[in-house]
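Beneath this line is the structure, given in structure tokens, with notes to follow.
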Amino acid sequence: MRHHLLTLAAVGALLAPLTLHAPEALAATPAVGVASESTARVIVKFKTNASVLRRQAQSAAGPAAAAQVLADRAQSLGQRTGLALKSGAAVSDRMQVVFAKGMSSAQLASRLAKEADVEYAVVDQRRRRFAVPNDPLYGAVAGSGPASGQWYLKPPSVATPSGIDAEGAWDITTGTSSVVVAVLDTGVRFDHPDLVGKLHAGYDFISDVPTANDGNGRDADASDPGDWVTQAEVDQPGGAFEDCEVEDSSWHGTQVAGIVGAATNNGIGMASVGRNVMVLPVRVLGKCGGFDSDIIAGMRWAAGLTVSGIPDNPNPARVINMSLGGDGLCDASNGYRDAVAALAAEGALVVASAGNSAGHAVALPANCAGAVGVGGLRHVGAKVGFSDLGPQITVSAPGGNCVNIGLNDACLFPILTTSNAGVTAPVAGGIYTDSYNISVGTSFSAPLVAGTAALMFSANPALTPKNVELLLASTARPFPTTGGDNGDGTPVLECTAPQFDGGSAAVDQLQCYCSTGTCGGGMLDARAAVQAASTGVAAGVRARIDISPQQPVALQSVQLRGGNSVLAAGRSIATYQWALVDGGGIVSSISNATAAVATVVPTAAGRFKVRLTVVDSANAMSTADLTMVVNPDPTPPAPPPPPPSTGGGGGGALGFEWLAMLAAAVWTLRRSGRAAA
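All the letters of the sequence shown, read from the start, carry residue numbers 2 to 678 under this note's numbering.
In structure tokens:
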């Protein structure tokens, strides 16, 4: 199954080509057998006591031996199920990909999940980079550069209140090269002049050869060969890219890497948030995105965990940036939940984009517990139209926006970053995105947060991922409630919990004023976050409101849940307090207002707003506000009673109209009978 998300406008003004070289790469590894796109593709996680693991432990002897172990496991599982299974790449010591023909991926996952040795089996889905499309409204003429420079790194101002104040953070630390940020993306262009000396070698985890677009599967070359998709590839029945979108190469990983760690104060190009931190490129996305199995394996390797058949990472990352994702819950049967938890145990923080579905629910893996989900803001601090929202967001940061929408107008507030001029294959040297070839999307909000987290780890290496998550939220600046402009005279409304149309279809929420229940703790404040990290400020608690059902309906109870509020290690929630901020004329009270789970019953369609205040066992306090939209009761009204009889009591006599109709029917039957005689 594929998940289609928005794509990116990715190139800008050409600089003089430079011929530069990538760092020395790790040794390549043999490619594991890869099936075609039409083949069923599933991730299997075996139980810890599975007999197949006892018989066939993964060997550290080398890639060839590890590949044989994977093949033996797949064959053993296939014998039990009566299926001809083919092994794919390793994800972890108990997880691997398997393929089969003659069925869908969902059918294969269902079959394998029933096996006693299998903890879970899930479809190995494609995920996409997060950015926005190359819309004609953005223009396509030559330009000289952004109208507002790197406004998003500067201190907040009246014109740009969402600026993150990286300058203030740099007064505390400009980062250290011992702190590494892994960029899980399309790879990078090592020859970009503003990335030279800032990149570790990295690794390419794409196991599917057509997706990789470099002639092989997993290897030690993390460079980006381009991810363009042609019309012919899309039109090919049964082809690898049949349901993809036609697009030029995005150079998305190069763009994200530049925001995190481009060389700064070097007299050329741009500044980055992390300045002196190092970037580790981990290639997990290629043509039409990438598969969960490769992404999860890349996550684990980036943090220093072992992936069978792959050389160990000599430069483990403290921060993992993931400007990618797709639909789905981060639940017990999902490999992302395990991966985020495993990375946290290694001291690595996952920072992920919320998604660009125009105000729908937060995407996977940003919705995983322990991940820092990042929403996107306009220059004025309101939620930018493309950004998704929800309680899983930790903090929001600029995502770029244009204000003006006239044809050939310069975009006023894009995110400037490194890129490549190639339309398909790369060309030598590098360029920068600008006001005409722009970079906007939550893909570029996340690396602003990832770079800030790297500065926090630089200032205080003893911080845990949970510390950083909580400090990012608690030091954020409050969201504004004015300054937004829809451009058409309509008012900018407050963001609500993700909305639905009364069925299962999500409703878009474009520009809106954020709350702590929809866009995280506030607007990213890099200076305050790094200051708190450097002075050892204790991490507190972050209140979080979840609702059930996610689509409230009139006359039905709605549960307000505070149990997923984020806590520092060793702490617990001491008190919950729910309050009705605005009942909207449809909610008058809250039941169980001091419990983790409270209840309201809206009496009609409309909207209402609640507030949760939590106090933890160390007396730290946090509040969250959330507005909810209530749909009408879908139950059809009872049919009206039948009309009263025109006769008297009992059976009664027939009325005149019925007598006339009966006489006409008898006359017609007699005529037809005579005609047939």
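The beta-carbon is built from N, C-alpha and C at its ideal position, and this holds for glycine as well.
Item	Value
Residue from L113, M323, A605 whose Cα sits closest to the Cα of F47	L113
First through last residue of the alpha helix (DSSP H) which encompasses R112	106-114
As assigned by DSSP and simplified to three states, the class of Q700	The chain is shown from 2 up to 678; residue 700 falls before or after that span and cannot be answered.
N-terminal and C-terminal residue of the beta strand (DSSP E) that E246 is part of	Note, E246: premise wrong, no beta strand (DSSP E); not H, not E.
Rounded Cβ spacing between V598 and Q560 (contact assumed at less than 8 Å)	6 Å
Three-state class that DSSP yields for F191 in the structure shown	coil
Close Cβ partners of T40 (< 6 Å) along its chain, the five nearest in sequence each way excluded	F100, K102
Inter-residue spacing [alpha-carbon to alpha-carbon] between G299 and T491	45 Å
Same chain, Cβ closer than 6 Å to A161, neighbours up to 5 away in sequence not counted	Contrary to the premise, residue 161 reads as Thr rather than Ala in this sequence. These residues qualify, in order along the chain: W152, H380.
Nonlocal neighbours in the same chain, by C-beta distance under 6 Å from Q500, ignoring five residues either side	V508, V630
Reduced DSSP category for P366 - H, G, I as helix; E, B as strand; rest coil	coil
Coarse secondary structure for A345, derived from DSSP in three states	helix
Beta-ladder partner(s) of L581, from DSSP	V611
Limits of the unbroken beta strand (DSSP E) element including D547	547-549
For D186, three-class secondary structure by DSSP	strand
R301 in three-state terms, based on DSSP	helix
DSSP-derived helix/strand/coil call for T395	strand
Burial state of K115, where buried means 16 or more other Cβ atoms lie within 10 Å	exposed
Which residues DSSP lists as bridging R128, in chain order	G291
Own chain residues within Cβ distance below 7 Å of S459, not counting five before or after	T174, G176, T177, V180, V278
For V373, the residue or residues it bridges with in DSSP	V352
Nearest to P479 (by Cα), restricted to the options N565, M271, C515	C515
C-beta atoms of A349 and I311 nearer than 7 Å	no
Separation of D293 from V308, as counted between CA atoms	15 Å
Start and end residues, alpha helix (DSSP H) containing K467	466-475
Close Cβ partners of N487 (< 7 Å) along its chain, the five nearest in sequence each way excluded	V493, Q512
Neighbour-count burial assignment, L330, 16 or more Cβ in a 10 Å radius	exposed
Spatial distance of A61 from Q256 (CA atoms)	Low confidence applies to A61: its pLDDT is 46, below 50, so where it sits in the model is not reliable enough to give any reading.
D626 burial status per 10 Å Cβ neighbour count (16 or more: buried)	buried
Contact the stretch 216-226 vs the stretch 330-348: 3+ CB pairs below 8 Å	no
Residue range of the beta strand (DSSP E) that includes T265	Careful: T265 lies outside any beta strand (DSSP E) and carries neither H nor E.
Buried versus exposed call for Q232 [16 or more other C-beta atoms within 10 Å across all chains shown]	exposed
Opposing strand residues paired with Q87 [DSSP bridges]	Looking at the sequence provided, one finds Lys at residue 87 rather than Gln. According to DSSP, K87 bridges with F100.
Option nearest A534 by Cα separation, candidates Q551, S505, S475, D583	S475
Residue interval of the alpha helix (DSSP H) (run including M457)	443-460
Classification of T628 by the beta-carbon crowding that lies within 10 angstroms, buried from 16 upward	buried
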